[in-house]
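The block underneath contains the structure these notes are about, expressed in structure tokens.
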Amino acid sequence: MTYAFHSAAAEKVLRELTPAEQAAVESVRRGLEDDPTPDHARGLPDADPSSESYAIELLPEQTGGRGISVLYRHAPDLDAVLILWLIAGP
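Per my numbering, the sequence shown starts with residue 6, numbered consecutively.
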């Protein structure tokens, strides 16, 4: 099992989301603990050779509100995921 955490910036945005949006993001976090590189994650450029960065897009239908992008970094050697940013649409 991989451990998944929110950065301080992601935690701040999470508190500003609606309960349904928070639940959708929490579902992604729990899913990343089981599979840190799911097929629906989009790879992002990463300057650190010891980690990989990804984005998972949540559609409004999934969140019960706005579209949300979950940007995270996976460090395989630490068996950990850090959710860096949550970007909520209008």
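From the three backbone atoms N, C-alpha and C, an ideal C-beta is built for every residue, glycine too.
Which of helix, strand or coil DSSP assigns to Ala9: strand
### Exposure label - His79; buried when at least 16 CB within 10 Å
buried
Counted within 10 angstroms of its Cβ, other Cβ atoms place Pro81 as buried (16 or more) or exposed = exposed
Can you list, in chain order, the residues of its chain with a C-beta nearer than 7 Å to that of Pro65? Leave out the 5 residues immediately preceding and following it. Arg71 and Gly72
Query - Cut-off 7 Å between Cβ atoms - residues of its own chain near Ala15, not counting five sequence neighbours on either side - result: Ile88, Leu89, Trp90 and Leu91
Mind checking Leu83: buried by the 16 CB within 10 Å criterion, or exposed? exposed
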